[in-house]
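The sequence shown lines up with residues 191 to 431 when you count with the numbering used here. Even glycine gets a Cβ: it sits at the ideal position worked out from N, Cα and C. Reviewing the structure listed below.
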Amino acid sequence: MVYKCINNIQSILFPPRCPCCGNTGESEIFFCAGCYAGLPFNHHACRRCALPLPSRAATDSLCGRCTRSPPLFHQALTALRYEAPVNHMISSLKFRQRLQLVEPLAKLMIDRLNVTQDLPEVLIPVPLHPTRLRERGFNQSLEIARLLTKDLLIDLDWRSVKRVRPTPAQTGLSEKGRRRNLRSAFAVSEELQASHVVLFDDVITTGATLTELSRLLLRSGVKQVDIWALARTPVQTPFIC
Ligand SMILES: [Zn+2]
Ligand SMILES: [Zn+2]
């Protein structure tokens, strides 16, 4: 109670800055009302791969690709479409170390997840290779995942999955090239005991990394792998199954 009062007083005295325009933001959502209303929420999306679908699509719809050939993971959920200004915010967080974006972005994800009851035993952020981690200084997926697990009261596991080989960007590669690129890139610890796992990434683009990780987790005994991500690119790309 006392803590909540202090928080309320703090938010009145020091209101947050809107991550988009820099004006005064609303204390609950960080953004100003205008920028928040303009965010590209991904409410109408394929329930398996989170591909944005037309707003007339029924809830629980599948995209054409998932109807023909479902991905290895059980379902994917994203808060946003990867379009302006979301792409600028995520780039700023990753490449300009704007760590003050972690909390507003995590809050958007938490609000999106409140619609689901199917919580996993553990949340695993997609790991960076140690070299990339040293360069960047932090793993943006891990930083956001920390706040999600704290809010949802589930375990955070950033040790069981490791990126053991650096991989060049997937952009421009064929399906075969992506598969080759990711071969032996990750390792899953034998100590992972969970049967329902969520992989968390900042953006779903080709889905190749998440598919490869799902394959490894399922092979290691996990029964259900779901994907959560902040944003999904609106263009359909084939998953490699
Ligand atoms: Zn704003
Ligand atoms: Zn789909």
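Cross-strand partners of residue i (DSSP beta bridge)
i, result
"D308", "D308 pairs with nothing; no bridge assigned."
"D386", "Residue 386 is actually His in this sequence, not Asp. Its beta-bridge partners are Q414."
"L346", "L313"
"A227", "The partner list for A227 (beta bridge, DSSP) is empty, contrary to what the question assumes."
"L270", "F231 and A421"
"D391", "A419"
"Q265", "D416"
"T214", "R207"
"P244", "Answer by DSSP bridge pairing: none, since P244 is not bridged."
Any non-hydrogen atom of ligand 2 closer than 7 Å to residue i Cβ
i, result
"C239", "yes"
"R255", "yes"
"C236", "yes"
"L432", "A question about residue 432 goes unanswered here, because the residues of the chain that appear run from 191 up to 431."
"L252", "yes"
Limits of the alpha helix (DSSP H) - the one that residue i falls within
i, result
"T399", "A398 to R409"
"C351", "Here residue 351 turns out to be Val, not Cys, going by the sequence shown. Note, V351: premise wrong, no alpha helix (DSSP H); beta strand (DSSP E) at V351 to R353."
"A296", "V292 to L303"
"N277", "V276 to F285"
"R255", "G254 to R258"
"E325", "P320 to R326"
Contact test: residue i Cβ vs ligand 1 heavy atom, cutoff 7 Å
i, result
"F220", "no"
"C210", "yes"
"G411", "no"
"G224", "yes"
Endpoints, the beta strand (DSSP E) within which residue i is located
i, result
"V378", "F376 to V378"
Sequence-distant residues of its chain with Cβ nearer than 8 Å to residue i (five each side left out)
i, result
"D416", "F263, H264, Q265, A266, L267, D308, P310, H386, V387, V388 and L389"
"D250", "R237"
"M299", "A269, I334, L338, W418 and L420"
Own chain residues within Cβ distance below 7 Å of residue i, not counting five before or after
i, result
"C431", "Below a pLDDT of 50, predicted positions are generally treated as unreliable, and C431, at 38, falls in that range; the measurement from the model is reported next regardless. Answer for C431: S259, P261, L262 and T401, listed in chain order."
Close Cβ partners of residue i (< 6 Å) along its chain, the five nearest in sequence each way excluded
i, result
"V312", "D345, D347, A384 and V387"
"S374", "R355"
"T423", "Y272 and T395"
"C253", "C236 and L241"
"L332", "P315 and W348"
"C225", "C208, C210 and C211"
CB contact below 8 Å: residue i versus chain C
i, result
"L323", "In the structure shown, chain C does not exist; there is a single protein chain."
* For the 8 Å Cβ check, are there 3 or more pairs between the region 375 to 383 and the region 282 to 297? -> Judged by Cβ distances under 8 Å, the region 375 to 383 makes no contact with the region 282 to 297, as fewer than three pairs qualify.
* Asked: With a cut-off of 8 Å, do at least 3 Cβ pairs link the region 264 to 275 to the region 231 to 239?
  -> Taking 8 Å as the limit for Cβ pairs, the verdict is that the region 231 to 239 does touch the region 264 to 275.
* Examine the Cβ distances between the region 391 to 407 and the region 345 to 360 and report whether three or more of them are shorter than 8 Å. => Verdict: yes, contact present.
* Looking at C-beta atoms only, is the number of pairs between the region 235 to 254 and the region 217 to 225 that lie closer than 8 Å three or more? -> Contact between the region 235 to 254 and the region 217 to 225 is absent, with fewer than three C-beta pairs closer than 8 Å.
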